[in-house]
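Some notes on the structure that comes next.
Protein chains: 2
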Amino acid sequence: MSPMPKSRPYHHGDLRATLLAAAEHTLRERGAGSLSLRELAREVGVSHAAPGRHFKDKQALLNALALDGYDRLGQALDAADDPALALEPRLTALARAYLGFAIDNAELLELMYARKHDPDASEQMAAAVERTVGKLAQVVADAQKRGEIIAGAPEELNLVTGATLHGMAAFIAGGMLTPEAALAGVETLVHHLLHGLKPR
Amino acid sequence: MSPMPKSRPYHHGDLRATLLAAAEHTLRERGAGSLSLRELAREVGVSHAAPGRHFKDKQALLNALALDGYDRLGQALDAADDPALALEPRLTALARAYLGFAIDNAELLELMYARKHDPDASEQMAAAVERTVGKLAQVVADAQKRGEIIAGAPEELNLVTGATLHGMAAFIAGGMLTPEAALAGVETLVHHLLHGLKPR
DNA sequence: AACCGAATGTAGACGCCGCCAACAATGCTG
DNA sequence: CAGCATTGTTGGCGGCGTCTACATTCGGTT
């Protein structure tokens, strides 16, 4: 068992991580709007100014939260990606993973998309975003190399697929779409994206 | 010329509309986060509690802003929609209008998407959303009737097209995409959506 | 035209918030 | 073990949203 001191020693030990965990919890429960540093401090049992030692301001904490989100999203995508698969099943698996993440982390995803770039942490943030969209670009590039997808400016193709996935995730995060409906529709969604809506 | 009283009479006359206008202005200038009822009141020259007479709380004002946004978006879409056109040009025109609105009203659009549904004004809000997506559904339905689009559950088709457009708008609103790039890419975007990414 | 209730604006207060500065306890490194 | 950087505490500042009590004005009834 980990030590559970009756009265916490003066130094917490891992306040930063504890704050992030608590923040993610209330983010999940009550949304980003009702996140207060003071309340966080109360929940964790430190003074109201203690968080300031680890996050220069509230935005910094939100940024850290978002960054962590990109990490976990990246892991989920990596785990779901099988480069050996043909384009359609591969993209379907990726989409399923992405939408699954959106379902389980709706509020967090919103935070990740909210680009309040202070120019400070925006490097890390931009890098994280780049890493994420890069995975999609890789799939498109592979497919193009294998002739499974039309030629043409890759950015254009990335844009369509990215926008579609992003839009779906936003529908989920916004409550416009139930998780079941979203997951059930993934297959045909990808199919429509690849095969188009016009009759052949 | 309209009367411009040196010292405003006790009753403002049209405080509600004035507040909404001021709110939309600072929304555009400095984002939804830095909107304060008190500051709004100051700008307009009334007491800090006056806005409370017209909006029961801050969220109510945001809802009103969003509702107004849906009105204007609806007008823009209606103006751009020509039911006589074939599917591809018709959808392109609609997409252009939608993305144009996203460009000109990025912050507002974000507000419109943020579903903080208090169950009070959510009826109006849901109706507004329904009206908007209905326009898209109409295009799809017309196209299906004319055989310009594959058969199949209309909801599925609406979902793809809606998600793609929504995703593009979100890219714009989030700064991931410059207005020029977005508008330049509309045509090929719609083309890809209709014709698919796989080689024919 | 005079009245009176409803609508609208004002003043003040309460508790919350983010942030800052001054101080205290602790850990670390020479 | 001395000194310094780190981390936590206390207290305070101004701003915020919201509530209540009060003031002024508007509009319909008589």
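First to last, the protein sequences are chains U and Y. Numbering-wise, full-length UniProt numbering puts 50 at position 50 of the first sequence, and it's gapless, one number per residue. Numbering-wise, full-length UniProt numbering puts 114 at position 114 of the second sequence, and it's gapless, one number per residue. We treat Cβ as the ideally placed atom computed from N, Cα and C, and that holds for glycine. Every value quoted in this text rests on a predicted model; they were computed, and no experiment measured them.
Where does residue 30 of chain Y fall in DSSP's three states?
The sequence position of residue 30 of chain Y within the second sequence is 30, counting from 1. Helix at residue 30 of chain Y.
Taking 8 Å as the threshold (beta carbon to beta carbon), is residue 141 of chain Y in contact with chain U?
Counting from one through the second sequence, the residue named residue 141 of chain Y turns up at place 141. Cβ-Cβ to chain U under 8 Å: no for residue 141 of chain Y.
8 Å Cβ cutoff, residue 149 of chain U in contact with chain Y
In the first sequence, counting from the first residue as 1, residue 149 of chain U sits at position 149. By this cut-off, residue 149 of chain U is an interface position.
Shorter than 8 Å from the beta carbon of residue 171 of chain U to some beta carbon of chain Y?
On the first sequence, residue 171 of chain U is found 171 positions in, with the first residue counted as 1. Yes - at least one Cβ of chain Y is within 8 Å of the one on residue 171 of chain U.
Chain U beta carbons: is any one of them nearer than 8 Å to that of residue 168 of chain Y?
Indexing the second sequence from 1 puts residue 168 of chain Y at position 168. Closer than 8 Å to some Cβ of chain U, the Cβ of residue 168 of chain Y qualifies, so yes.
From the beta carbon of residue 83 of chain U, is the nearest beta carbon of chain Y less than 8 Å away?
Taking the first sequence and counting its residues from 1, the one referred to as residue 83 of chain U is at position 83. Answer no: the Cβ-Cβ gap between residue 83 of chain U and chain Y never drops below 8 Å.
Strictly under 8 Å for the Cβ-Cβ distance: is residue 159 of chain U near chain Y by that measure?
Looking up residue 159 of chain U in the first sequence gives position 159. At least one chain Y Cβ lies under 8 Å of residue 159 of chain U.
When DSSP labels each residue in this structure, what does residue 190 of chain Y get in the three-state scheme?
The count along the second sequence starts at 1 and reaches residue 190 of chain Y at position 190. Note: residue 190 of chain Y maps to helix in three-state DSSP.
Just the chain Y side, please: which residues come within less than 8 Å of residue 115 of chain U by C-beta, in chain order?
Walking along the first sequence from the start, residue 115 of chain U turns up at place 115. In chain order: 174, 175 and 176.
Identify whether residue 154 of chain U lies in helix, strand or coil by the three-state DSSP scheme.
On the first sequence, residue 154 of chain U is found 154 positions in, with the first residue counted as 1. Residue state, collapsed to three classes: helix.
Taking the alpha-carbon of residue 93 of chain Y as reference, which of Y:103, Y:77 and Y:108 has the nearest alpha-carbon?
Start at 1 with the first residue of the second sequence, and residue 93 of chain Y comes out as number 93. Nearest of Y:103, Y:77 and Y:108 to residue 93 of chain Y, Cα basis: Y:77.
Could you name the residues of the same chain whose beta carbon sits closer than 8 Å to that of residue 95 of chain U, not counting the 5 residues immediately before and after it, in chain order?
Indexing the first sequence from 1 puts residue 95 of chain U at position 95. Within the same chain, residue 95 of chain U has close Cβ partners 165, 168, 186, 189 and 190.
The UniProt domain "HTH tetR-type" (13-73) of chain Y: which residues have C-beta closer than 7 Å to a C-beta of chain U, in chain order?
So nothing in the stretch comes that close.
Does the separation of the CB atoms of residue 161 of chain U and residue 133 of chain U fall below 8 Å?
As a first step, residue 161 of chain U must be located in the first sequence, where it is residue number 161. As a first step, residue 133 of chain U must be located in the first sequence, where it is residue number 133. No, Cβ-Cβ distance for residue 161 of chain U and residue 133 of chain U is not below 8 Å.
Quick check on the DSSP output: the alpha helix (DSSP H) that includes residue 148 of chain Y runs from which residue to which?
Translated into the one-based positions of the second sequence, residue 148 of chain Y becomes position 148. No alpha helix (DSSP H) holds residue 148 of chain Y; DSSP gives it neither H nor E.
Contacts of residue 107 of chain U in chain Y (Cβ-Cβ under 7 Å)
Here residue 107 of chain U corresponds to residue number 107 of the first sequence, with the count starting at 1. Within chain Y, no residue comes near residue 107 of chain U; the closest Cβ sits about 11 Å away, beyond 7 Å.
What beta strand (DSSP E) runs, 3 residues minimum, are completely inside the segment 103-135 of chain U?
none
Per-residue burial, residue 130 of chain U [other beta carbons within 10 Å of its own, 16 or more giving buried]
For the purposes of this step, residue 130 of chain U is taken as the residue at position 130 of the first sequence. It counts as exposed.
In chain U, what lies closer than 8 Å to residue 162 of chain Y by C-beta?
Here residue 162 of chain Y is taken as the residue at index 162 of the second sequence, counted from 1. Proximity of chain U to residue 162 of chain Y at the Cβ level (cut-off 8 Å) is accounted for by 167 and 171, in chain order.
If distances are taken between C-alpha atoms only, which option among U:158, U:136, U:198 and U:147 comes closest to residue 82 of chain U?
Taking the first residue of the first sequence as position 1, residue 82 of chain U is located at position 82. Minimum Cα distance to residue 82 of chain U is reached at U:136.
Under a three-way DSSP split, which group does residue 168 of chain U fall into?
Taking the first residue of the first sequence as 1, we reach residue 168 of chain U at position 168. Residue 168 of chain U: helix per DSSP, three-state reduction.
List the endpoints of the continuous alpha helix (DSSP H) containing residue 44 of chain U.
Taking the first residue of the first sequence as position 1, residue 44 of chain U is located at position 44. 37-44 is the span of the alpha helix (DSSP H), which, as asked, contains residue 44 of chain U.
In terms of residues, what are the limits of the alpha helix (DSSP H) holding residue 175 of chain U?
As a working mapping, residue 175 of chain U is identified with position 175 in the first sequence. Residue 175 of chain U -> no alpha helix (DSSP H), and no H or E assigned at all.
On the premise that residue 197 of chain Y lies in contact with residue 194 of chain U, defined as a C-beta separation below 8 Å, what is that separation, rounded to the nearest angstrom?
Taking the first sequence and counting its residues from 1, the one referred to as residue 194 of chain U is at position 194. Taking the second sequence and counting its residues from 1, the one referred to as residue 197 of chain Y is at position 197. Between residue 197 of chain Y and residue 194 of chain U the Cβ distance is about 5 Å, and since that is below 8 Å, they are a contact.
Going by Cα to Cα distance, which pick from U:43, U:179, U:115 and U:84 is closest to residue 23 of chain U?
Position 23 of the first sequence, counting from 1, holds the residue named residue 23 of chain U. Comparing Cα positions, the closest option is U:43.
Within chain Y, partners of residue 188 of chain U - CB distance below 7 Å
As a position in the first sequence, residue 188 of chain U is number 188, starting the count at 1. Under the 7 Å cutoff, chain Y gives 156.
Just the Cα atoms here: how many angstroms apart are residue 19 of chain U and residue 108 of chain U?
The residue labelled residue 19 of chain U in the question sits at position 19 within the first sequence. The residue labelled residue 108 of chain U in the question sits at position 108 within the first sequence. Between the alpha carbons of residue 19 of chain U and residue 108 of chain U lies a distance of about 15 Å.
Neighbourhood of residue 179 of chain Y by C-beta distance below 6 Å, restricted to the same chain and skipping five residues each side
Here residue 179 of chain Y refers to the residue found at position 179 when the second sequence is read from its first residue. Here the set comprises 103.
Report, in whole angstroms, the separation of the C-beta atoms of residue 174 of chain Y and residue 115 of chain U, which I expect to be a contact under 8 Å.
Here residue 174 of chain Y corresponds to residue number 174 of the second sequence, with the count starting at 1. Here residue 115 of chain U corresponds to residue number 115 of the first sequence, with the count starting at 1. Indeed, because the Cβ distance is near 5 Å, the residues count as touching under 8 Å.
Apart from the five residues just before and just after residue 156 of chain U, which ones in its own chain have a Cβ nearer than 8 Å to its Cβ?
Residue 156 of chain U sits at position 156 when you count from the first residue of the first sequence. Excluding positions up to five away in sequence, the list is empty.
Quick check: residue 84 of chain Y and residue 97 of chain Y, are their CB atoms within less than 8 Å of each other?
The residue you call residue 84 of chain Y lines up with position 84 of the second sequence. The residue you call residue 97 of chain Y lines up with position 97 of the second sequence. The answer is no: Cβ separation not under 8 Å.
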